[in-house]
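Chemist:
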Amino acid sequence: MIRRRIILWLWLLLFLGEVKAAASPDSLSHIDLMAAFRRLSLLEQDEVLWLARCIYSESNRPEEQRLIAWVVRNRVETRYRGDTYREVVLEPRQFSAFNRPTPRRDLILNLTPRSTAPGWQQALRIALEVFQAPPSARPFPITVRHFYSPLSMPTNEPPPWARAARPFQGPAVAHIDPERFQFFDGIDARLDPEPAPRTSVPARPARLSRRWDWLRPSGRIPRPVRPIPPRRPGQE
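Heads up, the working numbering is the position in the sequence shown plus 33, with the first residue counted as 1.
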């Protein structure tokens, strides 16, 4: 009888060990990520999604994504080119992946918390981390609100503000390859002016007049609508 119990315990320990090995750390961390994401309000979830989409569009390296996320957060907290993460990310001529309609832009705009695109869950995790981080975790001054990637623009000249200023130097960016990303402190409206409103309207079909007049005052591109929160059981 005792021998049978020992064999049963050994078999049970072996079975539990196999189950534990089958559950990868990545899958467990994904469960934790989804649980943390659901604890946010619907508005906060939307903000984290836009932050994740932005850093996912810029880099696949976590150390770079984290710094880019802080640049976006710095813009939001100083109300530079927008009051929310969504507004900052979609501001014209700021983040190249969102500038004009392309298949890549469509892909990024349709990413959700459950999307399985390679590297997306990593970006979502980093976005949530930076969104919830205390101000003391900020890796550089709150006035670091610009970055430039020579690698992504090999055939184009750097933007005027990047030519006129020196890249930020500090421990937070010491491990970043300057050929991939350079970060800038204190770029103001003088070096990086906002897009000017259109003052003249080219000839256009009459059917486009109303849409053109709607766009003209701000010079901005149409933005995706905010997601409609799903109804929960018991909600009217």
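Glycine is no exception: its CB is placed at the ideal position from the N, C-alpha and C atoms.
Indicate the three-state DSSP secondary structure (helix, strand or coil) for F128 in the structure shown.
Modeler: Residue state, collapsed to three classes: coil.
Chemist: Pairing CB atoms from the segment 94-113 with CB atoms from the segment 155-165, are three or more of them under 8 Å?
Modeler: The answer is yes - the segment 155-165 touches the segment 94-113, with three or more Cβ pairs under 8 Å.
Chemist: With DSSP as the reference, label D210 as helix, strand or coil.
Modeler: In the structure shown, D210 sits in coil (DSSP, three-state: anything other than H, G, I, E or B).
Chemist: Going by DSSP, what residues sit across from Q215 in a beta bridge?
Modeler: In the DSSP output, where bridge partners are listed per residue, Q215 has Y181.
Chemist: Exposed or buried, what is E110 when buried is set at 16 or more other beta-carbons lying within 10 Å of its beta-carbon?
Modeler: Burial call: exposed.
Chemist: Tell me whether P136 sits in a helix, a strand or coil according to DSSP, three-state version.
Modeler: Of the three classes helix, strand and coil, the one that applies to P136 here is helix, per DSSP.
Chemist: Which two residues bound the contiguous alpha helix (DSSP H) that contains M67?
Modeler: Where M67 is concerned, the enclosing alpha helix (DSSP H) stretches over P58 to R71.
Chemist: DSSP three-state call for L84: helix, strand or coil?
Modeler: Of the three classes helix, strand and coil, the one that applies to L84 here is helix, per DSSP.
Chemist: When you compare the segment 203-221 with the segment 174-181, are there three or more beta-carbon pairs, one atom per stretch, that lie closer than 8 Å?
Modeler: Segments in contact, yes.
Chemist: Determine the direct distance from the alpha carbon of E190 to that of E120, and round the result to whole angstroms.
Modeler: Using only the alpha carbons, I get a separation of about 26 Å.
Chemist: Per DSSP, what kind of secondary structure is I101 in: helix, strand or coil?
Modeler: Correct three-state label for I101: helix.
Chemist: Specify, as a first and last residue, the run of the alpha helix (DSSP H) that F173 falls within.
Modeler: It is not in any alpha helix (DSSP H) - F173 carries neither H nor E in the DSSP assignment.
Chemist: In three-state terms, what does DSSP make of R199?
Modeler: Three-state result, R199: coil.
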